[in-house]
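**Student:** One line per chain: the protein sequences are L and V, in this order. In terms of this note's numbering, the first sequence opens at residue 1 and continues consecutively. In terms of this note's numbering, the second sequence opens at residue 1001 and continues consecutively. A virtual CB, placed ideally from N, CA and C, is assigned to each residue, including glycine. Following this message is one structure expressed as structure tokens.
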Amino acid sequence: MTTTDERPARRGPRWNVDGRALRLWTISGLATTYLVAWWCFAPAPTTAPAADEPLPAAAPTAQVAPSGPIPPAVWWHDLPPSERPAIALPSGWVVTATKPGDGPTLAPAPIARRPPARRVRVRTRSS
Amino acid sequence: MVELRAMGTTVTVHAPTLSVEGEAAAAAEVGALFATAEARFSRFRPDSELAQLNCATGPFAASPAMMAALARARAYVELTGGRFDPAVGGAMIAAGYDRGFAPGALDRATAAAAAPPARFADVTLDLERGLVVRPPHVQLDLGGMIKGATVDLAARHLPEIAALDAGGDAALRGAGPEGDGWYVDVEDPADPSRVVVTLVVRDRAVATSAANRRRWRRGDAWAHHLIDPATGAPAATDLAQVTIVAHRAERAEILAKAVFIAGARAGRALLANLPTIGAVLVDHRGDVELIGPLEVAPDA
């Protein structure tokens, strides 16, 4: 019997990539490096508020309507006079109607004013 | 703005802070005050107190209003160095001004007569007893001050911002309807359609004297109502018009007449002693001179 060294069969290269795959890997690597570098060193966006800029006031907390059935809305002048709530009007305002047949509405009280006149000039002369 | 007739001229009341009805009521009150003054001080109404004083042959018991006016007149005679003198009534009549003025009504074909000399200093005022003693040759004429005095009196019945104009003698209360003063156009005596200067006036009175309106023909010459007490004749002066701005219309009216009669040079000397008085002098060439504290309107 002939003794021969049985050597394991020679394997091929571990990373057996062809030229096309190599280009893809190279491009992917460069792109990843660029993105990581840009993310780390890029300047802050200009729309960000400056450090010494006062922050806007916080919006008031919204009132959350209580849950439950919504009360029916009704015009003040549609209520019977006995059920109309008292309303404190601003000074100089009255309840009036915009035209005959309309319900009352709020309007400034009429103030008697004269139309603006052109500058008054006094003429002095011998009389 | 409300207009009414009084003292032979148009009286205008302008009270911009009042309603139309309120302004009309104020004008009615002004009209009543003018009517009262005219009834007392008119030289042409035979029932006036002044006419009765001019007819009195002995001591005349004058009303407090008449005594006060005569006392002020005496002070003005002194202030103006005699260029204002209410004793010119006789000279007025001699010049032809013997009735209420209307254009053409006083024209005469004959020349004016000479007037007897008269001085207000010849009139005795007894202020304590309210008596006036007038020499027979003295006829008093208070027309040179009563219109201004009545403007002052009536203006006190108007709101703080108001104008009261009586034929060019005006009281201007407050700073005007727009707060930047009352604009007062000074008429050109040579052309009444033109204005020589526009003044801005606050809380002051204005009055103007000229011989271009109240004048009449005497023979071949013109006569006018601005009598020079020194000559007893209508003043011959190098000034065509004088406008005075003062605190009171009475003082403005008297000084306007006095400076007009004095002429430019003596008028400047008179005004130099009155630093609170503003004046606009217009001579016969049309030259305009501003004297004293005056504010000219920016658009003038």
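Hey, V:A1075 and V:M1145: beta-carbon distance below 8 angstroms or not?
**Tutor:** No, these two residues do not count as a Cβ contact at 8 angstroms.
**Student:** Among V:A1102, V:P1135 and V:R1108, which has the Cα closest to the Cα of V:P1117?
**Tutor:** The residue with the shortest Cα to Cα distance from V:P1117 is V:P1135.
**Student:** Please classify V:D1191 as buried or exposed, where buried requires at least 16 other C-beta atoms within 10 Å of its C-beta.
**Tutor:** V:D1191 comes out exposed.
**Student:** Below 8 angstroms, how does it come out for the region 1175-1185 of chain V and the region 1220-1236 of chain V: are there three or more Cβ pairs, yes or no?
**Tutor:** With the cut-off at 8 angstroms, the region 1175-1185 of chain V and the region 1220-1236 of chain V do not touch.
**Student:** 8 angstroms is my cut-off, CB to CB: does V:S1209 come that close to chain L?
**Tutor:** Yes, V:S1209 lies at the interface with chain L (some Cβ there is under 8 angstroms from its Cβ).
**Student:** Any beta carbon of chain L sitting closer than 8 angstroms to that of V:E1187?
**Tutor:** Chain L, which has a Cβ nearer than 8 angstroms to the Cβ of V:E1187, makes this yes.
**Student:** Could you spell out where the alpha helix (DSSP H) holding V:I1161 opens and where it closes?
**Tutor:** Careful: V:I1161 lies outside any alpha helix (DSSP H) and carries neither H nor E.
**Student:** Is V:A1262 buried or exposed, if buried means 16 or more other CB atoms sit within 10 Å of its CB?
**Tutor:** Per the 10 Å Cβ criterion, buried.
**Student:** Thinking C-alpha only, which one of V:P1016, V:A1166 and V:D1098 is nearest V:R1045?
**Tutor:** It is V:D1098.
**Student:** Classify L:S126: buried if its beta carbon has 16 or more other beta carbons within 10 angstroms, exposed otherwise.
**Tutor:** It is buried - the Cβ of L:S126 has at least 16 other Cβ atoms within 10 Å.
**Student:** Tell me which same chain residues have a C-beta within less than 6 angstroms of the C-beta of V:I1291, skipping the five on either side of it?
**Tutor:** L1271 and A1279, listed in sequence order.
**Student:** Considering only the alpha carbon of each residue, which of V:L1106, V:D1188 and V:A1205 lies closest to V:A1163?
**Tutor:** The shortest Cα separation from V:A1163 among V:L1106, V:D1188 and V:A1205 belongs to V:A1205.
**Student:** CA-CA distance, L:V122 and L:E83?
**Tutor:** Approximately 59 angstroms, taken between the alpha carbons.
**Student:** Since V:D1141 and V:M1092 are thought to touch, with beta carbons under 8 angstroms apart, how far apart are those beta carbons, to the nearest angstrom?
**Tutor:** Right, the Cβ-Cβ distance comes to about 5 angstroms (below 8 angstroms), so this counts as a contact.
**Student:** Give a yes or no on whether the minimum CB-CB distance between V:R1005 and chain L is below 8 angstroms.
**Tutor:** No, V:R1005 lies away from the interface with chain L (no Cβ there is under 8 angstroms from its Cβ).
**Student:** Rounded to whole angstroms, what is the Cα-Cα separation between V:I1277 and V:H1284?
**Tutor:** Each residue's Cα considered, the two are about 23 angstroms apart.
**Student:** Give me the residue from V:G1130, V:R1218 and V:M1007 with the minimum Cα distance to V:A1071.
**Tutor:** Measuring from the Cα of V:A1071, the nearest candidate turns out to be V:G1130.
**Student:** Counting C-beta neighbours from all protein chains within 10 Å, is the total for L:L89 16 or more, i.e. buried, or is it exposed?
**Tutor:** Result: exposed.
**Student:** Give the straight-line distance between the Cα atoms of V:T1009 and V:K1147, rounded to the nearest whole angstrom.
**Tutor:** Their Cα atoms are separated by approximately 10 angstroms.
**Student:** So which residues of chain B does V:G1167 contact, with C-beta pairs closer than 8 angstroms?
**Tutor:** The displayed structure is made up of protein chains L and V, and chain B is not among them.
**Student:** Below 8 angstroms, can you find three or more Cβ-Cβ pairs linking the region 1080-1092 of chain V to the region 1229-1242 of chain V?
**Tutor:** With a cut-off of 8 angstroms, the region 1229-1242 of chain V and the region 1080-1092 of chain V count as touching, because enough Cβ pairs lie within range.
**Student:** Report yes if the CB atom of V:W1216 is closer than 8 angstroms to the CB atom of V:L1125, and no otherwise.
**Tutor:** In this structure, V:L1125 does not lie closer than 8 angstroms to V:W1216 by Cβ.
**Student:** I need the straight-line Cα distance from V:E1289 to V:T1243, nearest angstrom please.
**Tutor:** Looking at the two C-alpha atoms, the distance is approximately 10 angstroms.
**Student:** So is V:P1058 buried or exposed if we call it buried at 16+ other beta carbons inside 10 Å?
**Tutor:** This sequence places Gly at residue 1058 of chain V; Pro is not what is there. Burial call: exposed.
**Student:** So, is the C-beta of L:V129 closer than 8 angstroms to a C-beta in chain V?
**Tutor:** Outside the shown range of chain L (1 to 127) lies residue 129 of chain L, about which nothing can therefore be said.
**Student:** On the premise that V:A1154 lies in contact with V:M1030, defined as a C-beta separation below 8 angstroms, what is that separation, rounded to the nearest angstrom?
**Tutor:** The sequence shown places Val at residue 1030 of chain V, not Met. Their Cβ separation, rounded to whole angstroms, is 4 angstroms, which keeps V:V1030 and V:A1154 in contact under 8 angstroms.
**Student:** What runs of the beta strand (DSSP E), each 3 residues or longer, lie entirely inside the region 1029-1057 of chain V?
**Tutor:** If we require 3 residues or more, the region 1029-1057 of chain V turns out to have no beta strand (DSSP E) run fully inside it.
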